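Written below as structure tokens is the structure these notes are about.
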Amino acid sequence: MLNRLESGLFAVYLAILVWVPLPFASNRPWGAGLMVLLLSVVMFLWLLLFAAGRVQLSREAWRQMRLPFTLLALVQLWLLLQCIPLPRVVIEALSPQAYAWHIQQGWLTLSLDVAATRFYLLQGCALTAGFFLTTALVNSQSRLRLLLQILVFSGTFQAAYGAFMVLSGVEYGFFVEKYAGQGVATGTFVNRNHLAGYLVMCLSAGIGLLLSQLSVHRPANWKHRLEGWLRMLMSPKIRLRIYLAVMVIALVLTRSRMGNIAFFAALSITGLLYMRASGRFSPRIMAFLGSLILVDTLILGRWFGFDKLVQRIEQTRPETEGRLWSNAYTWDYLERFPLTGSGGGSFYGIFPNFQPSDLRGFYDHAHNDYLEFAVELGIPATIVLMLVVLLTARQAFQVLVKRRAPVLKGTAFAVLMTAVWGGIHSTADFNLQIPANALTFVTILALAAVAGSLQSAGVKPSHGLSAKD
Numbered sequence: 001m002l003n004r005l006e007s008g009l010f011a012v013y014l015a016i017l018v019w020v021p022l023p024f025a026s027n028r029p030w031g032a033g034l035m036v037l038l039l040s041v042v043m044f045l046w047l048l049l050f051a052a053g054r055v056q057l058s059r060e061a062w063r064q065m066r067l068p069f070t071l072l073a074l075v076q077l078w079l080l081l082q083c084i085p086l087p088r089v090v091i092e093a094l095s096p097q098a099y100a101w102h103i104q105q106g107w108l109t110l111s112l113d114v115a116a117t118r119f120y121l122l123q124g125c126a127l128t129a130g131f132f133l134t135t136a137l138v139n140s141q142s143r144l145r146l147l148l149q150i151l152v153f154s155g156t157f158q159a160a161y162g163a164f165m166v167l168s169g170v171e172y173g174f175f176v177e178k179y180a181g182q183g184v185a186t187g188t189f190v191n192r193n194h195l196a197g198y199l200v201m202c203l204s205a206g207i208g209l210l211l212s213q214l215s216v217h218r219p220a221n222w223k224h225r226l227e228g229w230l231r232m233l234m235s236p237k238i239r240l241r242i243y244l245a246v247m248v249i250a251l252v253l254t255r256s257r258m259g260n261i262a263f264f265a266a267l268s269i270t271g272l273l274y275m276r277a278s279g280r281f282s283p284r285i286m287a288f289l290g291s292l293i294l295v296d297t298l299i300l301g302r303w304f305g306f307d308k309l310v311q312r313i314e315q316t317r318p319e320t321e322g323r324l325w326s327n328a329y330t331w332d333y334l335e336r337f338p339l340t341g342s343g344g345g346s347f348y349g350i351f352p353n354f355q356p357s358d359l360r361g362f363y364d365h366a367h368n369d370y371l372e373f374a375v376e377l378g379i380p381a382t383i384v385l386m387l388v389v390l391l392t393a394r395q396a397f398q399v400l401v402k403r404r405a406p407v408l409k410g411t412a413f414a415v416l417m418t419a420v421w422g423g424i425h426s427t428a429d430f431n432l433q434i435p436a437n438a439l440t441f442v443t444i445l446a447l448a449a450v451a452g453s454l455q456s457a458g459v460k461p462s463h464g465l466s467a468k469d
């Protein structure tokens, strides 16, 4: 019965991962609020089972996740501090600009938009819970493989839906007619760049999953080679390969410049890191990674408008890019709030104070995740968040070097590719401000601790932590 309860929690968590991208990527107050509620319920139920001694967290899993999880928790504590009224002299010392712009009397807050920061804090706590739950619930190689498959399923659905809407001319998002991004793939997202980011993360999971299924043995002769090809055509690998092709096609159809550039760059860089960790050159791995670029993009992509994407990239001019202009003025914003930030979620209300009259439009986010985190949370908190990504990427690389289980190495590849993608795409967009993408991102990052802590098949697991410990 208790095993069923824990398995039920894992099933609900997988369902949340599929649901969150559906309602406009949960980038609406009600969608983000529902994500917070669902993750909070799962976390609360897991803690109840843990307190009753019915579930455990392995010591190795806790050791692997402890530092990045603690850093994430510290950022949430900082957000809480931004919301707490403090003596005026403290605010003046920590954030002179916030002190100057406050209009009320008495104690003041570091955040200039407390309501927005409180909601931002709730989302941050939910994402931190998601990081923890991934490590706690994915406690076997079979569950690890299933989670990767779920991400591939979700990404393929978004890709197929988005491609169908473009190719059929039936422009619908999430049960409503599209009011933005017409003519390009957006899936159930609003912004094509955010769908592109989500697809790259799901592609990372799929590529890692397929890598774990590739045979490392060279066929002895042409007969064995032919038998291998026939087995592959009849195996789930060919279906997975088709799913990857569908996602690449949809990625091209988004016409997202940085989304596509970040995908190919992340795939290439991670492929090189994979070879470096393996310590040897593998023609099979190189052929597989090369096929993703040559077959999916240059052949399939040409049928679905790859030339239009290339043309859009070639026609890019910095002087006409509003996002680059806005980022330039965001630096002015950062100079006023370098240490403490203006408060989580406050960008939309504070940026107009720095927006010149010739920069038209309303900017609810900076087109640069690094800048937005910095202006809202402060530079120190942003460095902490970057450390979380670097730590998990380092853990994933160590898995590639030290572990031999194919699914663990494939998972490590997915983590590394996602981390590299995030580092690149975040320079030109705000994927990590979108709840669906942020949850998927932290979930994949958490798999570094999972891959580093799971035992190989046939090895007895170590004693776990319980509430009594």
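Residue 1 is where the sequence shown starts when you use UniProt numbering, and the numbers rise one by one after that.
Ideal placement from N, C-alpha and C gives every residue a C-beta, glycine not left out.
Only a predicted model underlies this, so the values are computations on that prediction, with no experimental measurement involved.
Notebook entry, point to check: Does the distance from the CB of V375 to the CB of A381 come in under 8 Å?
Noted result: Looking up residue 375 in the sequence shown gives position 375. Looking up residue 381 in the sequence shown gives position 381. For V375 and A381, no; Cβs fall outside 8 Å.
Check: Any idea if W107 is buried or exposed, counting beta-carbon neighbours within 10 angstroms, 16 or more meaning buried?
Finding: Taking the first residue of the sequence shown as 1, we reach residue 107 at position 107. Per the 10 Å Cβ criterion, exposed.
Check: When DSSP labels each residue in this structure, what does D364 get in the three-state scheme?
Finding: On the sequence shown, residue 364 is found 364 positions in, with the first residue counted as 1. Residue state, collapsed to three classes: coil.
Next item on the list: Please determine if the region 144-162 and the region 15-29 are in contact, where contact requires at least 3 C-beta pairs separated by less than 8 Å.
Entry: Flag = yes, the region 144-162 and the region 15-29 touch.
Check: With distances taken from CA atoms, which of T70, G162, Q76, R145 is nearest Q123?
Finding: Walking along the sequence shown from the start, residue 123 turns up at place 123. For Q123, the closest C-alpha among the options T70, G162, Q76, R145 is that of Q76.
Item checked: Segments of 4+ residues assigned as alpha helix (DSSP H) that fall wholly inside the region 15-53 -> Runs of the alpha helix (DSSP H) lying entirely within the region 15-53, each at least 4 residues long, are 29-51 in chain order.
Check: Between which two residues does the alpha helix (DSSP H) carrying S142 extend?
Finding: For the purposes of this step, residue 142 is taken as residue 142 along the sequence shown, with counting starting at 1. Taken as a continuous stretch (DSSP letters only), the alpha helix (DSSP H) holding S142 covers 141-168.
Check: On the three-state DSSP scale, how would you describe E60?
Finding: Along the sequence shown, read from residue 1 onward, the residue named residue 60 stands at position 60. Here E60 sits in helix by DSSP.
Notebook entry, point to check: When DSSP labels each residue in this structure, what does L359 get in the three-state scheme?
Noted result: Sequence index remark: in the sequence shown, residue 359 carries index 359 (1-based). Three-state DSSP puts L359 in coil, outside helix and strand.
Notebook entry, point to check: Tell me the DSSP bridge mates of L108?
Noted result: Against the sequence shown, residue 108 aligns to sequence position 108. For L108, which the question treats as bridged, DSSP gives the partners L86.
Note to self: Pull the bridge partners of E177 from the DSSP assignment, please.
What the structure shows: Your numbering for residue 177 matches position 177 in the sequence shown. Paired residues: Y172.
Next item on the list: Would you identify the three-state DSSP class for Q76, choosing helix, strand or coil?
Entry: For this step, residue 76 is matched to residue 76 along the sequence shown. Note: Q76 maps to helix in three-state DSSP.
Next item on the list: Determine the extent of the alpha helix (DSSP H) in which V442 is found, giving its start and end residues.
Entry: By one-based count along the sequence shown, residue 442 stands at place 442. 435-453 is the extent of the alpha helix (DSSP H) around V442.
Check: From which residue to which residue does the alpha helix (DSSP H) around I103 run?
Finding: Here residue 103 refers to the residue found at position 103 when the sequence shown is read from its first residue. I103 -> no alpha helix (DSSP H), and no H or E assigned at all.
Note to self: So, at 7 Å on beta carbons, what are the nonlocal neighbours of S453 in its own chain, with the 5 sequence-adjacent residues on each side left out?
What the structure shows: Here the question's residue 453 lines up with position 453 in the sequence shown. Sequence-distant partners of S453 (beyond 5 residues in either direction) whose C-beta falls short of 7 Å from its own C-beta, in its chain, are S58, E60, A61, Q64.
Note to self: Is the separation between the beta-carbon of S204 and that of A414 shorter than 8 Å?
What the structure shows: If you number the sequence shown from 1, residue 204 lands on position 204. If you number the sequence shown from 1, residue 414 lands on position 414. Yes. Within cutoff.
Next item on the list: Take L416 and list the residues in its own chain whose beta-carbon comes closer than 7 Å to its own, dropping the five residues that flank it on each side.
Entry: Indexing the sequence shown from 1 puts residue 416 at position 416. Cβ contact annotation for L416 (same chain, cutoff 7 Å, sequence separation greater than five): T270, L273, A393, A396, F397, in chain order.
Note to self: I need the boundaries of the alpha helix (DSSP H) containing D429, first residue and last residue.
What the structure shows: Looking up residue 429 in the sequence shown gives position 429. Looking at the DSSP string, D429 is not in any alpha helix (DSSP H), and its letter there is neither H nor E.
Check: What span of residues does the alpha helix (DSSP H) with V138 cover, start to end?
Finding: Within the sequence shown, residue 138 is the residue found at index 138, counting from 1. Taken as a continuous stretch (DSSP letters only), V138 belongs to no alpha helix (DSSP H), as it is neither H nor E.
Item checked: Where E319 sits in the DSSP three-state scheme -> If you number the sequence shown from 1, residue 319 lands on position 319. Note that E319 scores a pLDDT of 44, beneath 50, so its modelled location is shaky and nothing firm can be said.
Note to self: Please report the distance separating the alpha-carbon of R360 from that of P352.
What the structure shows: One-based indexing of the sequence shown puts residue 360 at position 360. One-based indexing of the sequence shown puts residue 352 at position 352. Roughly 11 Å separates the two Cα atoms.
Notebook entry, point to check: Expressed to the nearest angstrom, what Euclidean distance is found between the alpha-carbon atoms of A457 and L137?
Noted result: On the sequence shown, position 457 is the one that residue 457 refers to. On the sequence shown, position 137 is the one that residue 137 refers to. In this predicted model, A457 has a pLDDT of only 43, less than 50, meaning its place in the structure is not dependable enough to derive any value.
Next item on the list: Select from G187, V55, R239 the residue whose C-alpha is nearest the C-alpha of F10.
Entry: Position 10 of the sequence shown, counting from 1, holds the residue named residue 10. When only C-alpha atoms are compared, the closest one is V55.
Check: DSSP on D369, reduced to helix/strand/coil?
Finding: The residue you call residue 369 lines up with position 369 of the sequence shown. Helix.
Notebook entry, point to check: Near L80, what residues of its chain come up, given a Cβ to Cβ distance below 7 Å and the 5 sequence neighbours on each side ignored?
Noted result: Here residue 80 corresponds to residue number 80 of the sequence shown, with the count starting at 1. Excluding its 5 nearest sequence neighbours in each direction, L80 has C-beta neighbours in its own chain below 7 Å: L121, listed in chain order.
Note to self: Does the structure place the region 243-255 close enough to the region 194-210 that three or more beta carbon pairs sit under 8 Å?
What the structure shows: Between the region 194-210 and the region 243-255, the count of Cβ pairs shorter than 8 Å is three or higher; the stretches touch.
Next item on the list: Tell me whether P406 sits in a helix, a strand or coil according to DSSP, three-state version.
Entry: Position 406 of the sequence shown, counted from the start, is the residue given in the question as residue 406. Helix.
Check: Where do the N-terminal and C-terminal ends of the alpha helix (DSSP H) with L199 fall, by residue?
Finding: Mapped onto the sequence shown, residue 199 falls at position 199. It spans 192-211 - the alpha helix (DSSP H) in which L199 sits, taken as one unbroken run.
Item checked: Beta-carbon contacts of A126 that lie in its chain and below 7 Å, excluding the five residues immediately before and after -> Against the sequence shown, residue 126 aligns to sequence position 126. Close CB contacts of A126 within its chain, under the 7 Å cut and outside five residues either way in sequence, are with M35, V36, L39, S40 (chain order).
Notebook entry, point to check: Using a Cβ-Cβ cut-off of 8 Å (strictly less than) and excluding sequence neighbours within five positions of A180, which residues of its own chain qualify?
Noted result: By 1-based counting over the sequence shown, the position of residue 180 is 180. Counting only Cβ-Cβ distances below 8 Å, and skipping sequence neighbours, we find T186, V190, N191.
Check: Can you give the beta carbon distance from F288 to D369, rounded, assuming they're within the 8 Å contact cut?
Finding: Translated into positions along the sequence shown, residue 288 becomes position 288. Translated into positions along the sequence shown, residue 369 becomes position 369. Going by Cβ atoms, the distance from F288 to D369 rounds to 30 Å, so no, they are not a contact pair.
Check: Since S168 contacts S346 with CB under 8 Å, what's their CB separation in whole angstroms?
Finding: Counting from 1 along the sequence shown, the entry for residue 168 is found at position 168. Counting from 1 along the sequence shown, the entry for residue 346 is found at position 346. Cβ-Cβ separation between S168 and S346: approximately 41 Å, too far for a contact (criterion under 8 Å).
Note to self: Let's see if you can read the secondary structure: which residues bound the alpha helix (DSSP H) around L273?
What the structure shows: One-based indexing of the sequence shown puts residue 273 at position 273. Counting along the chain, the alpha helix (DSSP H) containing L273 begins and ends at 257-278.
Note to self: As a quick exercise: from G33, W46, G349, pick the residue whose alpha carbon is nearest that of L5.
What the structure shows: Here the question's residue 5 lines up with position 5 in the sequence shown. The option with the nearest alpha carbon to L5 is W46.
Check: What residue does the alpha helix (DSSP H) around G349 start on, and which one ends it?
Finding: Along the sequence shown, read from residue 1 onward, the residue named residue 349 stands at position 349. In the DSSP annotation of this structure, the continuous segment of the alpha helix (DSSP H) that includes G349 starts and ends at 347-350.
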